[in-house]
Amino acid sequence: MEKGTRRSPPCHAALLAWTWLLLLSCSFTDAELTCGPCSSPSRPRLGLEQRQPPAPGSAGSRARGSGEPVPGGEPGGSAGAGGGRGPAVRSRRAAAAGGGRGLLAAEGQRGARAQPRGPPEEGRAARLRGAEELRLGSTTFALTGDAAHNQAMVHWSGHNSSVILILTKLYDFNLGSVTESSLWRSTDYGTTYEKLNDKVGLKTVLSYLYVSPTNKRKIMLLSDPEIESSVLISSDEGATYQKYRLNFYIQSLLFHPKQEEWILAYSLDQKLYSSMDFGRKWQLMHERVTPNRFYWSVAGLDKEPDLVHMEARTADGHTHYLTCRIQECSETKRTGPFSRSIDISSLVVQDEYIFIQVTTGGRANYYVSYRREPFAQIKLPKYSLPKDMHIISTVENQVFAAVQEWNQNDTYNLYISDTRGVYFTLALENVKSSRGLEGNIIIDLYEVAGIKGIFLANKKIDDQIKTFITYNKGRDWHLLQAPATNLRGDPVVCQLPFCSLHLHLQLSENPYTSGSISSKETAPGLLVATGNIGSELSYTDIGMFISSDGGNSWRQIFEEEYNVWFLDWGGALVALKQTSVPIRHLWVSFDEGRSWNKYGFTSTPLFVDGSLVDSGIETQIMTVFGHFSLRSEWQLVKVDYKSIFSRRCNKDDYQTWHLHNQGEPCVMGERKIYKKRKPGAQCSLGRDYSRTVVSEPCVCGQGDFECDYGYERHSNNQCVPAFWFSPSSLTKDCSIGQSYLNSTGYRRIVSNNCTDGLREKYMAKVEKCPGKAPRGLHILTADGKLVTEQGQNATFIILMEEGDLQRTNIQLDFGDGIAVSYANFSPVEDGIRHVYKSAGIFQVTAYAENSLGSDTAVLFLHVVCPVEHVHLSVPFVAIRNKDVNITAVVWPSQAGTLTYFWWFGNNTKPLITLESSISYVFAVEGMNTVTVQVAAGNTLIQDTKEIAVHEYFQSQLLSFSPNLDYHNPDIPEWRQDIGKVIRRALAQVTGIPDEQILVAVFPGLPTSAELFILPRKNTTEMRKSSEADLEQVVEILFNALNQNLVQFELKPGVEVIVYVTQLTLAPLVDSSTGHSSSAMLMLLSVVFVGLAVFLIYKFKRKIPWINIYAQVQHDKEQEMIGSVSQSENAPKITLSEFTDPEELMDKELDTRVMGSISTIANSESTKEIPNCTSV
């Protein structure tokens, strides 16, 4: 998870396998270059995934799936960290030897590169100015004796310091360790270097170099753990060192963002240590800490500056979120801000937010704490059902998250939250993802630096990847307009939306290259990127493009890939070609890439491994790292570009430019005017330059508002509630006499500064809290299980969907003779604890009551005996006083004997069986509840269903237009909600009361359902007339369905039509004994129907939809509904009567259709919901 540009999380020992040139805290002026993701591919990818931030002042934010922070920075959490190590650029000797996993900076970041055109060193560029070669002042220094070394780490203090430290190493990839090292120090900005091996010990092998982020003069070196465990500490910028031996092996370090002496160390055996004297003395804090999941306190949020947040395993073997102070971290001093156990590798502390993940029942639930408030469950749209989740950014009091949903494989959906990070709405679907070098997930999303609200994303559309841009934080997205001309000045024929500009949005994992896209906080509006023009993103025919107006318009600057850096506040650009051949020239532009000057920086061509550019204004130095040959020493070329600026800029050298969005002058609710140097002005800005910004608020329009949680934007640009969302469900925290903000379906985009206009119309309205009776009361256990051990604390959680939390009394009966009462919900928010003193099965009852009503919830708790998962298969509708078969399907299957406990209605004593099925007779009409619990060993699981019981009813099979199948996740909640939608649609079209309609959606594909037509309530005494009324209702529904009048909108643009499939009339059951004439009539009907079926099939004709089932009196009477066993109760036709094969096949298929009703009614899909194991 990433915090923007304010910290660098720590990398772990896995970085030894990297072959990039490691850059440690290379700060030129205010910038620190830090590493990209350094994740170990073998690390379990569970829980919330952290994202690495770019260095301060570097290119804009980019989503990374890595959770491996860089030592010296912070693993995703506290502000102001730095001083970490970065990834290394491998030397060309390593490339020739095949060692390591890194790629050479000069070889590019992708597998397929554009083939070179023209001279090997001079790709075609926009207006190459002059034929003569210009020279830059430069010096070259060779690190003599280090020809075999294949890794290097560099620290350049900056801040008016001329000291540069370089640690070179020979990493043996076969042994997995460092076998040689050299430490070099320069005091003249890299003109000359002194070798310091004698000062650290000639036999000492060094592995890493660290710098305090708050005091660059303090240096720490680690010895290689394969030889010894020690640290070498310097307080004079590396001039002298003191050595201290350790009794543990350091894997990573985390420096405090404010206190220069405070350090956390993570050992190879997963122990966390702390030091308050810069590593001279260490104290053990915890012995079982999850890698990378420890964080310093955040200033302004945590009360104690020495507080540490950590994810650790406790004595019970579960993973918990713990906090403690570094000197007071004994078991009795630790606190748990979240009462339950959490998923491993899920804790992320970042800015104002803390994120955790808890998986129950195979589904991952995410929780967030905003500004250290109590945790709240993150609310994604109901059916997003995430498999994977990455927190991309938490800047500007808002969370960006990338979610891979249940039906996605190589793409993610981008979501954006409210200020508290609780309610998320969809910003963009199907954003491209890929795997990084270390197996980390990379989301193709880029935040433009310097201007808030601008993002670029690569979206997958019909197997094509296209680049989109937004100027309002994801509310609206547009394709990029291609340049009007190419490098030769020829017109480019590219018409939107069929053709556009597409960009590679990969930030460099190597700080010695510029990456495929870059922008700067100090140069707002200026973007440089690699890409192509066409119908989709390409990895072959690519070039370099630049925008000077925040992405509105683009120009091509090169036909091949170059590393491009910003000099002197973006007033000049320097470009170095990515090539595998030696070079000696670079290119400089003073007019934002319109023309380029060629400069020589070395007399001998150099194989370039990487470049280090001072992005500030204090030293104006560039260092190029490379080799003259594959076997030569490291060559460090110091390039001083002060000479290319002829003078200091004056007021005549500046101009203004207006930020806009495709001609719209208001961006994020403001009109902004920036000051920048005029293109072509070859003057330096200097350290006192201030980029003046003039801004004024705009009148609020529709583009300043996004849809609120639970609402979706339709084609008419209006936000309407999603089919699964009830706006009234958000008012349960509101008490009578208080007020609440009632959403209009819109919310102003966070950080948008518009005023007036539509603000009053769209802003949430203050309304009095409505009085509501308790509804949707639930009782759960804190760990989600229905079993506890005798003598152990059992914690009960009481939840209520609707009602007044502050004015509702709560009573909880534990079922063992003990009960507790509370005046409101406040005391029970963290759960109610109880200890059972005896084993058994206890009915725990929660009762909620206020002046408007009451609600009850029951939980059957087994004291001892574990449980897993069960699906209860029951009919949706049953006939009163007739046997109903009920089946419990256990998943996953368990070996051994299972015990089944059955509860019917309000009975407090269960029926206990060893069989998974039971037959039961319901004597009372109405809704009847069935609960089953299954015990296996010490495992217990439960499921509850409701059955509608009536004297008689009729049913109808339904089918749907095929587009519904694509949106069917095949889970019970979705089927229930769709059933409610169809029920409302039927009632609306026909005017039939919805209490006479019940719709049950079947599991599986294609999506189908059964419509039950029920008699009116209290019509038993008027059965004959009621039967006639029911026939009329059936006819009305049948006509509406046949005319395709019943349809509903699943989501914007997705209209679903409901069709009639096959009419199945249930028998009109009568429990009396005096209806022989009815029986005779029905028997004659059966004879005629049988004869008709025979004749129809004989002549190969069919009557669609209609199936009439026979009625038999009393105990022979069949219940023709979806719940009855197919083998026992479904009507069958003997196929042996028909000898023709085609007739046999037709008849068999028809029989299967009829029989299928009984096998799938009210059963739940056993499809496993993917578990989100990486965030």
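Quick note: the sequence shown uses the numbering used here, first residue 35, plus one each step. A virtual CB, placed ideally from N, CA and C, is assigned to each residue, including glycine.
> Leu893: buried (16+ other C-beta within 10 angstroms of its C-beta) or exposed?
Replying inline: What you label residue 893 is simply residue 859 of the sequence shown in a count that begins at 1. Counting Cβ neighbours within 10 Å, Leu893 comes out buried, since at least 16 surround it.
>> Let's see if you can read the secondary structure: which residues bound the alpha helix (DSSP H) around Leu991?
In response: The count along the sequence shown starts at 1 and reaches residue 991 at position 957. Segment 988 to 994 is the beta strand (DSSP E) holding Leu991; no alpha helix (DSSP H) there.
> So which of Leu217, Lys507, Pro944 has the shortest CA-CA distance to Arg781?
Replying inline: Your numbering for residue 781 matches position 747 in the sequence shown. Closest by alpha carbon: Lys507.
>> Let's test the definition: count the other Cβ atoms within 10 Å of the Cβ of Thr1095 and tell me whether it reaches 16, buried, or not, exposed.
In response: Along the sequence shown, read from residue 1 onward, the residue named residue 1095 stands at position 1061. When all chains shown are included, Thr1095 counts as buried.
> Is DSSP giving Glu28 helix, strand or coil here?
Replying inline: Only positions 35 to 1209 of the chain appear in the structure, and residue 28 is not among them; the question remains open.
>> Tell me which residues share the same chain as Gln976 and place their Cβ nearer than 6 Å to its Cβ, disregarding the 5 neighbours each side in the sequence.
In response: Within the sequence shown, the letter at position 942 stands for residue 976. Answer for Gln976: Leu820, Gln967, listed in chain order.
>> If you reduce the DSSP assignment to three classes, tell me which class Thr1024 lands in.
In response: For the purposes of this step, residue 1024 is taken as residue 990 along the sequence shown, with counting starting at 1. Three-state DSSP puts Thr1024 in a helix.
>> Can you look up Asp738 in the DSSP assignment and give me helix, strand or coil?
In response: Residue mapping note: residue 738 aligns to position 704 of the sequence shown, counting from 1. In this structure, Asp738 counts as helix in the three-state DSSP scheme.
>> At the level of alpha carbons, what is the spacing between Phe739 and His748?
In response: To locate residue 739, count along the sequence shown from 1; it is residue 705. To locate residue 748, count along the sequence shown from 1; it is residue 714. About 14 Å.
> What are the boundary residues of the alpha helix (DSSP H) that Lys979 is part of?
Replying inline: Here residue 979 refers to the residue found at position 945 of the sequence shown. No alpha helix (DSSP H) holds Lys979; the beta strand (DSSP E) holding it covers 973 to 984.
> Helix, strand or coil: which one does DSSP assign to Tyr227?
Replying inline: Residue numbering aside, residue 227 sits at position 193 when the sequence shown is read from its first letter. Coil at Tyr227, not helix or strand.
> In this structure, does DSSP put Phe502 in helix, strand or coil?
Replying inline: Reading the sequence shown from its first residue, position 468 is the one you call residue 502. Phe502 falls in the strand class under three-state DSSP.
>> Quick check on Ile707: does DSSP put it in helix, strand or coil?
In response: The sequence position of residue 707 within the sequence shown is 673, counting from 1. In the structure shown, Ile707 sits in a strand (DSSP, three-state: E or B).
> Buried or exposed: which applies to Phe532, given that a residue is buried once 16 or more other Cβ atoms fall within 10 Å of its Cβ?
Replying inline: Here residue 532 refers to the residue found at position 498 of the sequence shown. Exposed, since its Cβ has fewer than 16 Cβ neighbours within 10 Å.
> So who's on the other strand from Val173, going by DSSP bridges?
Replying inline: Locating residue 173 in the sequence shown gives position 139, where the first residue counts as 1. What sits at residue 173 in the sequence shown is Thr, not Val. Looking at the DSSP assignment, Thr173 forms a beta bridge with Lys672.
> For Asp889, which of helix, strand or coil comes out of DSSP?
Replying inline: Residue 889 sits at position 855 when you count from the first residue of the sequence shown. Looking at Asp889 - three-state DSSP - the assignment turns out to be strand.
> Candidates His538, Tyr307, Gln276: which alpha carbon is nearest Tyr283's?
Replying inline: Here residue 283 is taken as the residue at index 249 of the sequence shown, counted from 1. Nearest option by C-alpha distance: Tyr307.
>> For a minimum of 3 consecutive residues, which ranges assigned as the beta strand (DSSP E) are wholly contained in the region 547 to 626?
In response: 551 to 554, 557 to 568, 577 to 581, 589 to 592, 596 to 601, 606 to 611, 619 to 623
> Quick one: what does DSSP say Pro861 is sitting in, helix, strand or coil?
Replying inline: As a first step, residue 861 is located in the sequence shown; it is residue number 827 there, counting from the start. Note: Pro861 maps to helix in three-state DSSP.
> In chain order, what residues of the same chain have a beta carbon less than 6 Å from the beta carbon of Val733, not counting five sequence neighbours either side?
Replying inline: For the purposes of this step, residue 733 is taken as residue 699 along the sequence shown, with counting starting at 1. So the qualifying residues of the chain are Asp790, Gly791.
> Measuring CB to CB, does His1001 end up less than 8 Å from Pro1049?
Replying inline: For the purposes of this step, residue 1001 is identified with residue 967 of the sequence shown, where counting begins at 1. For the purposes of this step, residue 1049 is identified with residue 1015 of the sequence shown, where counting begins at 1. Cβ distance not < 8 Å, so His1001 and Pro1049 don't count as in contact.
> Between Lys290 and Trp330, what straight-line distance do the alpha-carbon atoms span, to the nearest angstrom?
Replying inline: In the sequence shown, residue 290 corresponds to position 256, counting from 1. In the sequence shown, residue 330 corresponds to position 296, counting from 1. Looking at the sequence itself, residue 290 is His, so the reference to Lys does not match. Approximately 6 Å, taken between the alpha carbons.
> Is it a yes or a no for the region 989 to 1003 touching the region 931 to 941, going by three-plus beta-carbon pairs under 8 Å?
Replying inline: no
> What number of angstroms, rounded off, separates the C-alpha of Glu386 from the C-alpha of Lys305?
Replying inline: As a position in the sequence shown, residue 386 is number 352, starting the count at 1. As a position in the sequence shown, residue 305 is number 271, starting the count at 1. So the alpha carbons of these two residues sit roughly 27 Å apart.
>> Short of 6 Å in beta carbon distance, which residues of its chain neighbour Asp1011, apart from the five on each side in sequence? Order them along the chain.
In response: Sequence index remark: in the sequence shown, residue 1011 carries index 977 (1-based). Trp758, listed in sequence order.
> Using the C-alpha atoms, what's the distance from Arg793 back to Val429?
Replying inline: By 1-based counting over the sequence shown, the position of residue 429 is 395. By 1-based counting over the sequence shown, the position of residue 793 is 759. Approximately 24 Å, taken between the alpha carbons.
>> For Asn474 and Phe328, I'd like the C-alpha separation in whole angstroms.
In response: The residue you call residue 474 lines up with position 440 of the sequence shown. The residue you call residue 328 lines up with position 294 of the sequence shown. Between Asn474 and Phe328, the C-alpha separation is close to 20 Å.
>> I'd like to know if the region 715 to 724 and the region 513 to 521 are in contact, where contact means that at least 3 CB-CB pairs between them fall below 8 Å.
In response: no
>> According to DSSP, simplified to helix, strand and coil, what is Glu1061?
In response: For the purposes of this step, residue 1061 is identified with residue 1027 of the sequence shown, where counting begins at 1. If DSSP states are grouped into helix, strand and coil, Glu1061 belongs with the helices.
> Considering Arg469, what are the terminal residues of the beta strand (DSSP E) in which it resides?
Replying inline: If you number the sequence shown from 1, residue 469 lands on position 435. Per DSSP, Arg469 belongs to the beta strand (DSSP E) from 458 to 469.
> Taking just the CA atoms, how far does Pro545 sit from His903?
Replying inline: By 1-based counting over the sequence shown, the position of residue 903 is 869. By 1-based counting over the sequence shown, the position of residue 545 is 511. Straight-line Cα distance between these residues: approximately 50 Å.
>> According to DSSP, Tyr745 sits in a beta bridge with which residue or residues?
In response: Walking along the sequence shown from the start, residue 745 turns up at place 711. DSSP, once it has assigned bridges, lists Pro755 as partnering Tyr745.
> So which of Pro996, Gln1081, Ala969 has the shortest CA-CA distance to Thr1024?
Replying inline: Taking the first residue of the sequence shown as position 1, residue 1024 is located at position 990. Selected option, being the one with the closest Cα: Gln1081.
>> For Asn827, which residues in the same chain have their Cβ closer than 7 Å to its Cβ, ignoring the five residues on either side in sequence?
In response: Against the sequence shown, residue 827 aligns to sequence position 793. For Asn827, where only same-chain residues beyond five positions count, the Cβ hits under 7 Å are Arg867, Val869.
> Just the Cα atoms here: how many angstroms apart are Ile297 and Ser872?
Replying inline: Residue mapping note: residue 297 aligns to position 263 of the sequence shown, counting from 1. Residue mapping note: residue 872 aligns to position 838 of the sequence shown, counting from 1. Near 49 Å, if we compare the C-alpha coordinates of Ser872 and Ile297.
>> Does Ala333 pass the burial test, meaning 16 or more other C-beta atoms within 10 Å, or should it be called exposed?
In response: Residue mapping note: residue 333 aligns to position 299 of the sequence shown, counting from 1. Exposed is the call here.
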